[in-house]
Amino acid sequence: MTKMLEILITFGLVAFINSCDAFSAVSPVKNSIKGFDIQLQPVDGGEKITLENYLKNDGKSLFVFGTYAADFNAIEYAQRLRYYLPILKEECDVTKFGVILNCQPDAALALAELVDLDTTKVDLFVDNTGDIGRKWGVGRGWLPDEDLNPYLKLFGMLWGVSRTVFFVPVNLPKLLICLFFKII
Amino acid sequence: MPAVIGGYIGNPFVPQRWIEDALAVGQRKDRWPDTALDLSEDGERVEVNKFSELPIVGEWPRRPLELATLRLQSMIGISLKEWDRLSPDDASLKAGVLTQLGGLVVVDGSTLETVYDWKDPGICAIANFEDILKKLKK
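Chains as they are written, first to last, in numbering that gives the first Met the number 0: chain A, 0 to 183; chain B, 0 to 137.
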């Protein structure tokens, strides 16, 4: 009986921990890409195209605002897209897939090769300085405007420090509870 | 940190089917750890996922340590090993891309109305494609 209770509590805790995305509260609501003056540079050096024109399509279009090529988030976006692309196409009528990476073309192509992402099915774009992501409103991480060593900032972020943590007063109790359970 | 810790404890309810596929790609490319899966001789099929043999948690749709193992594989075999090919250059570093996060948007191609969007709130906390599937299938 005690063992059973232990298992139930463990399951409950794990379910709780995994269901409360501590940071989901700060994910912004839907914003439109319409009207954004964003020019995409194809990885092959071809002519630039506006994001709006690129996304125009008979079905749905999916576009990933990636990070730099060695980054975990960029790697995982590529890995996930590789797996889900045919499912999204088949079951959800997503017929166009684009990814922009904050790097030089060689690095973007190298990442695609390392994760076996089929570049005949995914359009790759590059933006070495990350301007496009910032225009769209991606997070800029910890202390984005401070003149600190970027690797030091990254180290802080690896420990969960993020600007978003300090700007969610409405959801702070939920955030603290979630962090508490995640830490124990 | 929450997204990272989630990779260690798994999830008894919500699957993340891409993990096994990414682990298989890593193994095919000789990235360590390379013992999580038994692949067929041609390397195309996963015959056994060793995480599914764990007691009790082996039946979870996302087993403890499975995602953490993939991330270890990606860190060693991609981020670190291929750092010279993949790392940001000076202009990129100066612009702040090292800490910049990403996101994802799905739009209706004819109206350009946003159907789904996500902005990463932290490292490893990227869009959940299982959620995207659920949302788009409605």
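Even glycine gets a Cβ: it sits at the ideal position worked out from N, Cα and C.
Taking 9 Å as the threshold, the shortest C-beta distance from L61/A to chain B falls below it. The criterion of a C-beta distance shorter than 9 Å is satisfied by V114/B and K59/A. For R61/B, the pairing in a beta bridge is given by DSSP as N10/B. Secondary structure of F35/A (DSSP, three-state): coil.
Here DSSP, grouped into helix, strand and coil, assigns S78/B to helix. The beta carbon of T49/A sits no closer than 9 Å to any beta carbon of chain B. No Cβ of chain A is located within less than 9 Å of the beta carbon of S51/B.
A straight line joining the alpha-carbon of L54/A with that of E112/B spans about 10 Å. When CB distances to chain A are screened at a threshold of 7 Å, the residues of the stretch 81 to 103 of chain B falling below it are E81, W82, R84, L85, S86, P87, D88, A90, S91, L92, A94, G95, V96, L97, T98, Q99, L100, G101, G102, L103, in chain order.
The DSSP assignment places 50 to 54, 71 to 91 as complete runs of the alpha helix (DSSP H) inside the stretch 47 to 103 of chain A, in order along the chain (cut-off: 4 residues). Sorting D20/B, S109/B, P54/B by C-alpha distance to the C-alpha of E46/B places D20/B at the top. Contact between R61/B and V13/B holds: CB atoms are separated by about 6 Å, below the 8 Å threshold.
F71/A and G76/B have their alpha carbons spaced roughly 12 Å apart.
Across the stretch 63 to 78 of chain A, CB contacts with chain B closer than 8 Å involve V63, F64, G65, T66, Y67, A68, A69, D70, F71, N72, A73, I74, E75, Y76, Q78, in sequence order along the chain. Contact check between the stretch 53 to 73 of chain B and the stretch 80 to 96 of chain A: fewer than three CB pairs, one atom from each, fall below 8 Å, which does not count as touching.
When the Cα atoms are used, S91/B and V125/A turn out to be separated by approximately 12 Å. For E46/B, the enclosing beta strand (DSSP E) has its first and last residue at 45 to 48. Annotation: the continuous beta strand (DSSP E) that includes V106/B extends over 102 to 107. Residue environment analysis places T119/A among the exposed positions, since fewer than 16 neighbouring C-beta atoms fall within 10 angstroms of its C-beta.
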